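Residue numbers (my numbering): 327 to 755.
Heads up: the structure comes next, in structure tokens.
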Amino acid sequence: MQTHFTADQLADPLIAEADGILRNCVHCGFCIATCPTFIVTGDERDSPRGRIWMLREVLESPETITTDTAYHIDRCLGCLSCTTTCPSGVDYPHLLDIGREKLNEMVPRTFTDRVMRQMLGMIIPHSGRFRAMIQLAWVGRLFSWAMPTAMRAALTKIPAQLKQLDPIGGKNAIFPANTKQVKRVALLAGCAQRALAPEINASTVRVLNRLGVEVVVRAEAHCCGALAHHIGEATRAHDAIRAALLAWHDEIRTGGLDAIVVNASGCGTMVKDYGHMMKDDPELAPIAKMVSDACVDVSELIDKLDLESILLPAPVEGRSKVAYHSACSLQHGQKIHDLPLRLLRQAGFDVVQPLNGHLCCGSAGVYNLLQPKMADELKARKLESLDKTGAQFVAAGNIGCIMQLDRDDLPVWHTIQFIDWASGGPRPH
Ligand code: SF4
Ligand code: SF4
327 MQTHFTADQL ADPLIAEADG ILRNCVHCGF CIATCPTFIV TGDERDSPRG
377 RIWMLREVLE SPETITTDTA YHIDRCLGCL SCTTTCPSGV DYPHLLDIGR
427 EKLNEMVPRT FTDRVMRQML GMIIPHSGRF RAMIQLAWVG RLFSWAMPTA
477 MRAALTKIPA QLKQLDPIGG KNAIFPANTK QVKRVALLAG CAQRALAPEI
527 NASTVRVLNR LGVEVVVRAE AHCCGALAHH IGEATRAHDA IRAALLAWHD
577 EIRTGGLDAI VVNASGCGTM VKDYGHMMKD DPELAPIAKM VSDACVDVSE
627 LIDKLDLESI LLPAPVEGRS KVAYHSACSL QHGQKIHDLP LRLLRQAGFD
677 VVQPLNGHLC CGSAGVYNLL QPKMADELKA RKLESLDKTG AQFVAAGNIG
727 CIMQLDRDDL PVWHTIQFID WASGGPRPH
């Protein structure tokens, strides 16, 4: 794609980076067919090609920007399906980051939107606050008639069940290996996940300990910063990243780490990108690069260990049929698709894949709270394809998808919970 930035504009390193990305796009349109928002609306402005065009306008001729531009950019899920399809390797996620940052400065958001974003940024990254908010939201539902539409829609997404707050991540802790130690890793305990599904970290620690891995948890690294980053709360995101980097760096210096393990793929995609995000920060750049290089999804770590050695002799519940939902952040963000399927099969499950598995379920961080209509449409389509598999359970590697798709008649659990179950842990619930 041709660009016409002025020399002054190109003096801004972000614009210079965006220019390089934009020039890679040949406007072929291959990405359009795999973009969930385009599939729903059929509007080019809701497609990657259309958005790349608009992002160029945002950066090149900000005076032409309208609220309509912001509307269609905001509707992007950040699912990265387009990056998997693009034959030219266009770095859409970083272009989107740069464009959104500029757009936030140029197009003022509505009062309700601003309040919602600030509230989400303040509450969700702190699991205790988030858990309290769930209780408060139950009360808030009684008064939802008096609230703006966006807030009313967000309240319908609040979980009906309140779980105990996950103790893993509440304080610094070391979980020693059950057998001869083969590795030592740090686990990102996470934020929202600790309030919504405390079983996931418990399963992760049990499985890794059985496999001879010592697991270290640093309480300071309680949130990867992805949520704040994606809703434009830059200072909050930076503070969370800095805290995590310094904690893990300290752990690397003092105890040594073989890996930094993440079991929520949305967070994993973010941590793997720290090196790029912090590249211009003289203090944190080298640490961020080290951390990103050490970051692995939990499935990548298990693949390097002897899973066979800890599995029960017979499949649990007679080889249960499990549909694997491939989270966008795992399959498109981290390019990990076949590995969790293989591990689930090795653990004795009959694994099937839903049709259109490359398409987003509509969760996408807090997208389902900010864009409930589109999120509900994508959720309905995903549930329909999952139903058609005839599976008893669904496995997924990201808490957002788990919360978006979970139903009483078709429970969704994390892949690691299935592996835990197949290696002597409790049946997930
Ligand atoms: S597939 Fe890649 S090169 Fe083609 S229009 Fe989409 S982003 Fe541009
Ligand atoms: S990130 Fe997803 S929603 Fe956004 S343009 Fe790409 S495919 Fe479409």
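C-beta atoms are modelled at their ideal positions from N, C-alpha and C, and glycine is treated no differently.
All figures in this text were calculated on a predicted structure; none of them were measured in a lab.
*For residue 749, count neighbouring Cβ atoms within 10 angstroms of its own Cβ and tell me buried if that reaches 16, exposed if not.*
Residue 749 is buried by the Cβ-count criterion.
_Quick check on the DSSP output: what are the complete alpha helix (DSSP H) runs of length 4 or more inside the region 561-586, in order along the chain?_
The region 561-586 contains no whole alpha helix (DSSP H) run of 4 or more residues.
*Whole-number beta carbon distance between residue 537 and residue 638, since they are thought to touch under 8 Å*: Contact doesn't hold; Cβ gap of about 14 Å is too wide.
*Taking the DSSP output, what are the residues bridged to residue 650?*
In the DSSP secondary-structure assignment, residue 650 is bridged to 721.
*In three-state terms, what does DSSP make of residue 629?*
Helix.
*CA-CA distance, residue 509 and residue 628?*
Between residue 509 and residue 628, the C-alpha separation is close to 11 Å.
*So residue 590 and residue 724 are in contact, right, with Cβ under 8 Å, and what is the actual spacing, rounded?*
Approximately 6 Å separates the beta-carbon atoms of residue 590 and residue 724; this is inside 8 Å, confirming the contact.
*Are the beta-carbon atoms belonging to residue 642 and residue 674 less than 8 Å from one another?*
It is a contact, given that the beta carbons lie within the stated cut-off.
_What does the alpha-carbon distance come out to for the pair residue 561 and residue 361?_
Looking at the two C-alpha atoms, the distance is approximately 30 Å.
*Could you check if residue 689 is buried or exposed, using at least 16 other CB atoms within 10 Å of its CB as the buried criterion?*
Classification for residue 689: buried.
*asked:* I'd like the list of long-range same chain contacts for residue 711, defined as Cβ closer than 7 Å, with 5 residues on each side in sequence excluded.
replied: Excluding sequence positions up to five before and after residue 711, its CB lies within less than 7 Å of the CB of 680, 681, 682, all in the same chain and listed in chain order.
*Sub-8 Å separation of residue 512 and residue 574 beta-carbons*: Residue 512 places its beta carbon less than 8 Å from that of residue 574.
*What do you reckon, are the CB atoms on residue 692 and residue 553 nearer than 8 Å?*
Contact flag set, yes.
*Since residue 714 sits in a beta bridge, which residues does DSSP pair it with?*
For residue 714, DSSP records no beta bridge to any residue.
*When the Cα of residue 649 is compared with those of 701, 732, 634, which residue comes out closest?*
Checking every option, the nearest Cα to that of residue 649 belongs to 732.
*Can residue 414 be considered in contact with ligand 1, in the sense that its beta carbon sits closer than 7 Å to one or more heavy atoms?*
Yes, the Cβ of residue 414 comes within 7 Å of a heavy atom of ligand 1.
*Go ahead and label residue 624 buried or exposed: buried means 16 or more other beta carbons lie within 10 angstroms of its beta carbon, across all protein chains shown.*
Buried: at least 16 other Cβ atoms inside 10 Å.
*Ordered along the chain, which non-local residues of its own chain (more than five positions away) have a Cβ less than 7 Å from that of residue 402?*
Excluding residues up to 5 positions away in sequence, 363, 377, 422 lie with their Cβ nearer than 7 Å to the Cβ of residue 402 in the same chain.
*Any heavy atom of ligand 2 closer than 7 Å to the Cβ of residue 659?*
Remark: the C-beta of residue 659 is outside contact range of ligand 2, defined as less than 7 Å to any heavy atom.
*Proximity winner among 331, 473, 715, 541, relative to residue 495 (alpha-carbon distances)*: Ranking the options by Cα distance to residue 495, first place goes to 541.
*In the structure shown, what three-state DSSP assignment does residue 605 receive?*
Coil.
*Pick from 677, 383, 518 that is closest to residue 549, judged by C-alpha positions*: Comparing Cα-Cα distances from residue 549 to each of 677, 383, 518, the minimum goes to 518.
*When burial is assigned at 16 or more other CB atoms within 10 Å of the CB, is residue 525 buried or exposed?*
By the 10 Å Cβ count, residue 525 comes out buried.
_Simplified DSSP state of residue 401, which is helix, strand or coil_ = Reduced to three states, the DSSP call for residue 401 is coil.
*C-beta contact flag for residue 435 and residue 398 at 8 Å*: No.
*Cβ neighbours of residue 349 in the same chain (closer than 7 Å, five flanking residues each side left out)*: For residue 349, where only same-chain residues beyond five positions count, the Cβ hits under 7 Å are 327, 329.
*From what residue to what residue does the beta strand (DSSP E) around residue 509 run?*
Residues 509-514.
*When 563, 586, 587 are compared against residue 604, the one with the closest alpha-carbon*: Among 563, 586, 587, the Cα nearest to that of residue 604 belongs to 563.
*Nearest-angstrom Cα distance between residue 684 and residue 707?*
The straight-line gap from Cα to Cα measures roughly 12 Å.
_Where residue 610 falls: helix, strand or coil (DSSP)_ = Secondary structure of residue 610 (DSSP, three-state): coil.
*Using only the heavy atoms of ligand 2, determine whether one of them is closer than 7 Å to the beta carbon of residue 363.*
Residue 363 Cβ: within cutoff of ligand 2.
_If I measure Cβ to Cβ from residue 527 and keep anything under 6 Å in the same chain, skipping five residues before and after, which residues do I get?_
These residues qualify, in order along the chain: 492, 494, 515.
*Return the CA-CA distance between residue 341 and residue 420, expressed in angstroms with no decimal places.*
For residue 341 and residue 420, the distance between alpha carbons rounds to 11 Å.
*Can residue 707 be considered in contact with ligand 2, in the sense that its beta carbon sits closer than 7 Å to one or more heavy atoms?*
Look at residue 707: its beta carbon is at least 7 Å from all of the heavy atoms in ligand 2.
*Shorter than 8 Å from the beta carbon of residue 382 to some beta carbon of chain B?*
Absent from the structure: chain B. Only one protein chain is present.
_Which residue marks the beginning of the alpha helix (DSSP H) containing residue 416, and which one marks its end?_
Per DSSP, residue 416 lies in no alpha helix (DSSP H) segment and is marked neither H nor E.
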